[in-house]
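Student:
Number of protein chains: 6
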Amino acid sequence: MNLHLSATAPGKALVPHYIPAGNECELFELAWKRKLPLLLKGPTGCGKTRFVSHMAARLGLPLSTVSCHDDLAAADLTGRYLLKGGDTVWVDGPLTRAVRNGGVCYLDEVVEARKDVAVVLHPLTDDRRILPLERTGETLEAPAEFMLVVSYNPGYQNILKALKPSTKQRFVAIEFDFLPKEQEIAIVSAESGLEERHVAPLVNLAQRLRAMKGHDLEEGVSTRLLVYCASLIESGLTPREAISAAMIEPLTDDPDVRLALREVAGAIIP
Amino acid sequence: MNLHLSATAPGKALVPHYIPAGNECELFELAWKRKLPLLLKGPTGCGKTRFVSHMAARLGLPLSTVSCHDDLAAADLTGRYLLKGGDTVWVDGPLTRAVRNGGVCYLDEVVEARKDVAVVLHPLTDDRRILPLERTGETLEAPAEFMLVVSYNPGYQNILKALKPSTKQRFVAIEFDFLPKEQEIAIVSAESGLEERHVAPLVNLAQRLRAMKGHDLEEGVSTRLLVYCASLIESGLTPREAISAAMIEPLTDDPDVRLALREVAGAIIP
Amino acid sequence: MNLHLSATAPGKALVPHYIPAGNECELFELAWKRKLPLLLKGPTGCGKTRFVSHMAARLGLPLSTVSCHDDLAAADLTGRYLLKGGDTVWVDGPLTRAVRNGGVCYLDEVVEARKDVAVVLHPLTDDRRILPLERTGETLEAPAEFMLVVSYNPGYQNILKALKPSTKQRFVAIEFDFLPKEQEIAIVSAESGLEERHVAPLVNLAQRLRAMKGHDLEEGVSTRLLVYCASLIESGLTPREAISAAMIEPLTDDPDVRLALREVAGAIIP
Amino acid sequence: MNLHLSATAPGKALVPHYIPAGNECELFELAWKRKLPLLLKGPTGCGKTRFVSHMAARLGLPLSTVSCHDDLAAADLTGRYLLKGGDTVWVDGPLTRAVRNGGVCYLDEVVEARKDVAVVLHPLTDDRRILPLERTGETLEAPAEFMLVVSYNPGYQNILKALKPSTKQRFVAIEFDFLPKEQEIAIVSAESGLEERHVAPLVNLAQRLRAMKGHDLEEGVSTRLLVYCASLIESGLTPREAISAAMIEPLTDDPDVRLALREVAGAIIP
Amino acid sequence: MNLHLSATAPGKALVPHYIPAGNECELFELAWKRKLPLLLKGPTGCGKTRFVSHMAARLGLPLSTVSCHDDLAAADLTGRYLLKGGDTVWVDGPLTRAVRNGGVCYLDEVVEARKDVAVVLHPLTDDRRILPLERTGETLEAPAEFMLVVSYNPGYQNILKALKPSTKQRFVAIEFDFLPKEQEIAIVSAESGLEERHVAPLVNLAQRLRAMKGHDLEEGVSTRLLVYCASLIESGLTPREAISAAMIEPLTDDPDVRLALREVAGAIIP
Amino acid sequence: MNLHLSATAPGKALVPHYIPAGNECELFELAWKRKLPLLLKGPTGCGKTRFVSHMAARLGLPLSTVSCHDDLAAADLTGRYLLKGGDTVWVDGPLTRAVRNGGVCYLDEVVEARKDVAVVLHPLTDDRRILPLERTGETLEAPAEFMLVVSYNPGYQNILKALKPSTKQRFVAIEFDFLPKEQEIAIVSAESGLEERHVAPLVNLAQRLRAMKGHDLEEGVSTRLLVYCASLIESGLTPREAISAAMIEPLTDDPDVRLALREVAGAIIP
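See below:
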């Protein structure tokens, strides 16, 4: 299943551009209606965050995005006591706010978070749909307007950071991948302002580099870097300079790999 | 021993639906009468939480559920001093509240909690049935109305996270497993609204996938995912799409395993 | 040396029932008179805690029991500064209270505690018998009425958690073990209300299971589980069901071991 | 691509001297215009910090530099609650100040920082250009005047400290290296006051020592150490003494390597 | 060099009994006069603590003893800020008090302490004899009446816990060992009240057990345990029971080693 | 390069005695004039601290010495917020005080400190010479009177504790070693009061023991221990006793090595 970053404005103002590649919009909407939590899987920079923004806007829901990281703990999501005027006052975290007010709460790269986060999600992702706040003694019931979306990149093989089956099996899941060639050319051209005929060889190059993933490269070139590269060319940099700055240097620090990438680039875009 | 998720309303209002598969209800009630703590063992999503909700409601007891996690410490259960108006004020945790007021305290996935939690449970699970609060200097005696229930999934082989024998030997224990085929079909149909004849092949598929546990899959398909899948089909998604989103993608990130699961699914539900 | 859990009330009211199996009561009393600290060693659920309760009551001494765990630090025993009305106020821990007021301080499973606990005990367990409170600048001298008792289960082979020789050599030590057969039958019958002739085969089974310790089982069946099992039978459960819930499921999660235990049980109690 | 440390004052007062070796100034300015974040890679002491100072001044932007280290956490960049008059008051960190007020925020040696820092950068480095402050509930939108620049030294092979591809692929990147010989002689002479003819052999020696990197030396001689060395000679120390103090002792503690370096030095500057 | 625990009262009241086995008293006094810090090395329970008490009393100096442990940090020795009436007030630690007021500060088992403790000692143990208190900005000069004494047991081979040479080389050092037989008999008899002729076989047994150190036993029997054992016999326990409780159980948890020790004991004291 | 600990008072009162062995005084002064930071390398007890005291006094600069250790963090050098009267008040650390007021800040054993310390030093050790205080939002410019000196002992091979090249290359460096024989005899005699003819064999012994470094000894005998030893002899101890207490016991805990050292000592000083 793919996704499109659309440069043409949709009918509804303020909805981030997005053209569905498969049934992902239908699936999101069904999950929303049936109150099922959603899991998005896919590589770096393929548009998962944009997709969530698009769907939240389309369904008219407020969106709260949390970038997860190694030190993100349950309390960062649920809330904390803070000192105010000598008292401890409870302050809701982003997840608690979303449960109280309704809307989409999106936990980006959820596998990065500390283990206690995953388990805090459990009572929200079964038929109870509750968020117990042990520290305040409250138990919040998620309203019909609340939806939980999480994502991660299965490309990183880190056994310390996998979701437990007891967590994964609480989500409906969608696999994302890079766009097919013609669609990616259209997106990159629209986002950067560079003509499609100049974008096409860059996308060719990106596909070559993505095929090297797992061998010399840890990760393939994202659509985002393609947009960077095209933007720099559109602003006047030579393709050679732009490819070096946006498609080679961000991918590797290894002199040998860098040389190999330059040769690949030189063969495609002399 | 199995358990049923019943879709037909029982005689008593507000009691979560549950049809016993074995003697688990009788055993829970006897443990309650003899003031013995109870341990539930079983795989992800087989209905342990629902069973506890059912029994607590049936016995007319308040229920306090705590999802345990890596950072859950004894103080999260017993209580803490918080600053209020410049003073430190003691605030009871969920376990202390349950001991003070009576009722069932259910610690879900107790092996995930920090080690000090297990040991805090010791004086509550021998003939003393006391909860010493070292920080306040109190020693609470559990009333006859208090019952401690804990659960974990023995399927995860994590030696760092096993309960110590000195803890385990303080509990009467029940083993849970997935439902027999006919019962599971009835439950999934009732919960999702999908006709039984369309649910039957999904349950067949689930049983095939559960047999792969330990080989290609870390954990078999839960009844919960079956309900998700049936719900999506009932809402209009094709079986192929629903199975992908609810029974394949949540189980694996491995391209080869995913392909194998699709073949299994294709053979059963063309 | 063994110990008995006596169901018959002793001469003195409020003294927990206990019938000595060896010289342990005499040794406790001598250690008390000579102001020597005492170390109790033995398996899970063999009655160490009950013995200390019995002796403290018999000698007319208040008893303070602390269940040690991974996060128990010296300050949990000695005390802490807490905020009260804007000031920091010192609050004694259970060990400090016992030293100030006299009485038995019992540290259960002392090897579980953090390392600083063991060393806090040093000045209390040599001829100085003092407790220096570095944080307050006080040095308390233990009164004649103070006695320190600690316990641990040597069956767990955890080199990270052994007592250092410099700590162990500060204690007089007693080894505990399970009761001889006839005594255990009497105790279990008295505690559960089940007739001795029905208890006898359960004790036979327990002795078979204890012999498997170190092979298939990490720890043998405790007297406590025998009491649980007999209680369930006395309440109406079949022996087969009661043995499963109280003598097999709490001992193992391994399907093969569970099957073996059931066969052993079936051979003894058909 | 190289960079020059220029000793001749540029047209604009207060702009740190810098002569571009390649297209790095043009690339910085284009990235600035297109609102793309920038990543600088290169060895110790080759002038990355000076380059950023130069560009910030040239573009008339305030510059905020943060030296990253092992304990630098997200909160050190975004801000913290501090106690003031009994209340907790939020105090912006340097990144938040730069986002609020505009300007260049430069995170030097960003790979040294704790993992949560990299992820805090994510929403600032995609098309959202936002900084969510979870603790205060604010979401700041970066103004057009904000630019994020980060650097690291790819020469240290520390897999624990590499940037994740999902972070790296959010930056346009430039590789820096040491200056070509003639340019380095001019810079060192200008910075130290030592005549170029006396600086030339020092630069020759530096190039010899840089070639030893990866064999006997962990890192080559920086331009900074060359300036130190020339300064000491200009102040009256003999070349032999200055080279020992500024070009040999700071590079190695190994007696054999030190001897080898002295021989190399003696051959070039007798 | 040995040390004697003397049961006969010395000429001076309140001085703990001690009869020097070698030149340790002379050496302590010389170190004191020359303002040199002192390091005592030796096994568990051989009398190091008693020796320091004796010397401090003999020289008329106040003694402050700190039992070091894994969590003992520099601030536990130097002092901390505490909240009093809303202000932070500095409270001296035991080392700071000893430096301010003069006297012996004895750090028992100094290798157990956290690394920062050893380094805090550095400026106190060279010719500066100062204690800088970074937190308060003070620098205390140790008066002539201040002396630092530290000890550790070199028998534990723990490379994580060794003193660094840069710390060790700041001390004059004395090696302690167990007493010669005749002296130990006299001490144990005097301390326990048991006649020498009954103590003699216990000391013979202790020497046999000490010879097993490093083979079956981690540490030999301390003089303290011998005193315990003799005390229990003097109070009426049989030698067999007393040896089990005071000389075997505290030494080992291993059934085979225990059996071997009983055989050794039975051969010497039938 | 060596250094001398001079016993003869220099012309200027209050300047600690020091006779330069090489160009170290000249180099310190030049570094001071050119505002270059200085790194001192050398073994335990060879006089680095004394040298810094000497130079600071000679140049009329206040000296602030910080003994670094495992737990020394950047905030210990730069400062912290403390609670005063309910407010948080910033309190400068020693490094900040030195930057504000001028003078030498000497970080002894800098490699021991936590990693964040080294990086805090970076902006102070390049041409910016600034100390950014992130917590207060200040950026201090070091005055001409500020100089940073750090030291470490390269003899300890601890890869976890090496300075990074990016830190080392910010310093001019001096290597220290033990004194030549005749100078060391003079120093030890002057410091201890023992006649040179009696000191000479002790220095011979020290040189023999230093040659054993890396084989049986982790570190050679320091000049400090030689002074201790001579002091004890001057006070009346026999050479044999003094050598044992000051030159053997502080060097080793190994019985075999101790025996070997005694034989070496006995051969030189019978």
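Residue numbers (full-length UniProt numbering), protein chains in the order written: chain A, 1 to 270; chain B, 1 to 270; chain C, 1 to 270; chain D, 1 to 270; chain E, 1 to 270; chain F, 1 to 270.
Ideal Cβ placement from N, Cα and C applies to all residues, glycine included.
This one's a predicted model, so the numbers in the text were calculated from it and none came from an experiment.
Please classify Leu254/B: does DSSP put it in a helix, a strand, or coil?
Tutor: Walking along the second sequence from the start, residue 254/B turns up at place 254. The residue asked about is misnamed: residue 254/B is Asp in this sequence, not Leu. Three-state result, Asp254/B: coil.
Student: Taking buried to mean at least 16 other C-beta atoms within 10 Å of its own C-beta, is Arg197/A buried or exposed?
Tutor: Walking along the first sequence from the start, residue 197/A turns up at place 197. Arg197/A should be labelled exposed.
Student: Using a Cβ cut-off of 8 Å, which residues of the region 229–241 of chain C contact any Cβ in chain B, in chain order?
Tutor: Residues passing the 8 Å Cβ filter: Ser231, Leu232, Ser235, Gly236, Leu237, Glu241.
Student: List the endpoints of the continuous alpha helix (DSSP H) containing Met55/D.
Tutor: The residue given as residue 55/D occupies position 55 in the fourth sequence. It spans 48–58 - the alpha helix (DSSP H) in which Met55/D sits, taken as one unbroken run.
Student: Cα-Cα, which of Cys229/D, Glu184/D, Ser235/D is closest to Pro20/D?
Tutor: One-based indexing of the fourth sequence puts residue 20/D at position 20. Checking every option, the nearest Cα to that of Pro20/D belongs to Glu184/D.
Student: Can you give me the C-alpha to C-alpha distance between Ile268/F and Ala242/D, rounded to a whole angstrom?
Tutor: For the purposes of this step, residue 268/F is taken as the residue at position 268 of the sixth sequence. For the purposes of this step, residue 242/D is taken as the residue at position 242 of the fourth sequence. When rounded, the distance between both Cα atoms is 41 Å.
Student: Rounded to whole angstroms, what is the Cα-Cα separation between Ala190/D and Ala230/D?
Tutor: One-based indexing of the fourth sequence puts residue 190/D at position 190. One-based indexing of the fourth sequence puts residue 230/D at position 230. Near 10 Å, if we compare the C-alpha coordinates of Ala230/D and Ala190/D.
Student: So is Lys33/A buried or exposed if we call it buried at 16+ other beta carbons inside 10 Å?
Tutor: As a position in the first sequence, residue 33/A is number 33, starting the count at 1. So Lys33/A ends up on the exposed side.
Student: Using three-state DSSP, classify Ser67/D as helix, strand or coil.
Tutor: Here residue 67/D corresponds to residue number 67 of the fourth sequence, with the count starting at 1. It is a strand residue.
Student: What's the call for Lys181/D, buried or exposed, on a 16-neighbour Cβ count within 10 Å?
Tutor: Here the question's residue 181/D lines up with position 181 in the fourth sequence. Exposed is the call here.
Student: What would DSSP say about Glu138/A, mapped onto helix, strand or coil?
Tutor: Residue 138/A sits at position 138 when you count from the first residue of the first sequence. In this structure, Glu138/A counts as strand in the three-state DSSP scheme.
Student: Are the CB atoms of Ala246/E and Val172/C within a distance shorter than 9 Å?
Tutor: For the purposes of this step, residue 172/C is identified with residue 172 of the third sequence, where counting begins at 1. For the purposes of this step, residue 246/E is identified with residue 246 of the fifth sequence, where counting begins at 1. In contact: Val172/C and Ala246/E (Cβ atoms closer than 9 Å).
Student: I'd like to know whether the C-beta of Thr44/C is nearer than 9 Å to at least one C-beta of chain I.
Tutor: Among the chains of the structure shown, chain I does not appear; the protein chains present are A, B, C, D, E and F.
Student: Check whether the region 63–78 of chain F and the region 104–120 of chain F are in contact - that is, three or more C-beta pairs closer than 8 Å.
Tutor: Contact between the region 63–78 of chain F and the region 104–120 of chain F is present, because at least three Cβ pairs lie under 8 Å.
Student: Decide yes or no for the touch test of the region 14–28 of chain D against the region 131–141 of chain D: beta carbon pairs closer than 8 Å, at least 3 of them.
Tutor: Contact fails: fewer than three Cβ-Cβ distances are below 8 Å.
Student: CB-CB under 7 Å to Tyr228/C, same chain, minus the five flanking residues each way: which ones, in chain order?
Tutor: Within the third sequence, the letter at position 228 stands for residue 228/C. Excluding positions up to five away in sequence, the list reads Ala246.
Student: Counting only the same chain and skipping the five closest in sequence on each side, list residues whose C-beta sits under 6 Å from that of Ile233/A.
Tutor: What you label residue 233/A is simply residue 233 of the first sequence in a count that begins at 1. Contacts found: Leu194, Pro239, Ala242.
Student: If you compare alpha carbons, which of Glu145/A, Ala162/A, Arg129/A is closest to residue 280/A?
Tutor: The question about residue 280/A has no answer here: the residues shown for chain A are numbered 1 through 270.
Student: Residues in its own chain within less than 7 Å of Arg258/E by CB, not counting five upstream and five downstream?
Tutor: Here residue 258/E corresponds to residue number 258 of the fifth sequence, with the count starting at 1. For Arg258/E, where only same-chain residues beyond five positions count, the Cβ hits under 7 Å are Ile248, Thr252.
Student: Interface residues of chain E around His54/F at Cβ under 8 Å?
Tutor: Numbered from 1 along the sixth sequence, position 54 holds the residue referred to as residue 54/F. Going along chain E, no residue has its Cβ under 8 Å from His54/F, so there is no contact; the nearest lies around 13 Å.
Student: Which residue from Val99/B, Leu202/B, Ser235/B puts its Cα closest to that of Met147/B?
Tutor: Residue mapping note: residue 147/B aligns to position 147 of the second sequence, counting from 1. Checked all of Val99/B, Leu202/B, Ser235/B; the closest Cα to Met147/B is Val99/B.
Student: Nearest CA to the CA of Gly42/F: which residue from Ser222/F, Pro255/F, Gly266/F, Asp256/F?
Tutor: The residue labelled residue 42/F in the question sits at position 42 within the sixth sequence. Gly42/F has its Cα closest to that of Ser222/F, out of Ser222/F, Pro255/F, Gly266/F, Asp256/F.
Student: Going by beta-carbon coordinates alone, are Val91/B and Gly102/B separated by less than 9 Å?
Tutor: Sequence index remark: in the second sequence, residue 91/B carries index 91 (1-based). Sequence index remark: in the second sequence, residue 102/B carries index 102 (1-based). Against a cut-off of 9 Å, the Cβ pair of Gly102/B and Val91/B comes out as no contact.
Student: Excluding the five sequence neighbours on either side, which residues of its own chain have a C-beta within less than 6 Å of the C-beta of Ser166/F, listed in chain order?
Tutor: Here residue 166/F refers to the residue found at position 166 of the sixth sequence. Excluding positions up to five away in sequence, the list is empty.
Student: Any C-beta of chain E sitting closer than 9 Å to the C-beta of Leu36/C?
Tutor: Locating residue 36/C in the third sequence gives position 36, counting from the first residue. Yes, its Cβ sits closer than 9 Å to a Cβ of chain E.
Student: If you compare alpha carbons, which of Leu217/C, Val188/C, Pro62/C, Leu226/C is closest to Ala206/C?
Tutor: For the purposes of this step, residue 206/C is taken as residue 206 along the third sequence, with counting starting at 1. Of Leu217/C, Val188/C, Pro62/C, Leu226/C, the residue nearest in Cα terms is Leu226/C.
Student: Taking 9 Å as the CB-CB cut-off, is Asn23/F touching chain E?
Tutor: Looking up residue 23/F in the sixth sequence gives position 23. Output row for Asn23/F: interface = no.
Student: Taking the DSSP output, what are the residues bridged to Ser151/D?
Tutor: One-based indexing of the fourth sequence puts residue 151/D at position 151. Leu40/D, per the DSSP bridge assignment.
Student: Determine which residues share a DSSP beta bridge with Asp76/B and list them.
Tutor: Within the second sequence, the letter at position 76 stands for residue 76/B. In DSSP, Asp76/B forms no bridge with anything.
Student: Alpha carbon to alpha carbon, how far is Leu30/E from Ala186/E? Give it in angstroms, no decimals.
Tutor: As a working note, residue 186/E is residue 186 in the fifth sequence. As a working note, residue 30/E is residue 30 in the fifth sequence. For Ala186/E and Leu30/E, the distance between alpha carbons rounds to 29 Å.
Student: Nearest chain A C-beta to Ser151/B closer than 9 Å, yes or no?
Tutor: Within the second sequence, numbered from 1, the residue matching residue 151/B stands at position 151. No, no contact with chain A.
Student: Measure the CB-CB distance between Ala142/D and Leu124/D and report whether it falls below 9 Å.
Tutor: Here the question's residue 142/D lines up with position 142 in the fourth sequence. Here the question's residue 124/D lines up with position 124 in the fourth sequence. Their beta carbons are under 9 Å apart, which means Ala142/D touches Leu124/D by this criterion.
Student: Could you confirm whether any beta carbon from chain F is found closer than 9 Å to the beta carbon of His69/D?
Tutor: Position 69 of the fourth sequence, counting from 1, holds the residue named residue 69/D. So, interface residue.
Student: Work out the CA separation of Asn153/C and Leu61/C for me, nearest whole Å.
Tutor: Position 61 of the third sequence holds residue 61/C. Position 153 of the third sequence holds residue 153/C. So the alpha carbons of these two residues sit roughly 25 Å apart.
Student: Go ahead and label Gly47/E buried or exposed: buried means 16 or more other beta carbons lie within 10 angstroms of its beta carbon, across all protein chains shown.
Tutor: As a first step, residue 47/E must be located in the fifth sequence, where it is residue number 47. Buried, because 16 or more other Cβ atoms sit within 10 Å of the Cβ of Gly47/E.
Student: From the DSSP output, which residues share a beta bridge with Trp90/E?
Tutor: Taking the first residue of the fifth sequence as 1, we reach residue 90/E at position 90. According to DSSP, which records beta bridges pairwise, Trp90/E is partnered with Tyr81/E.
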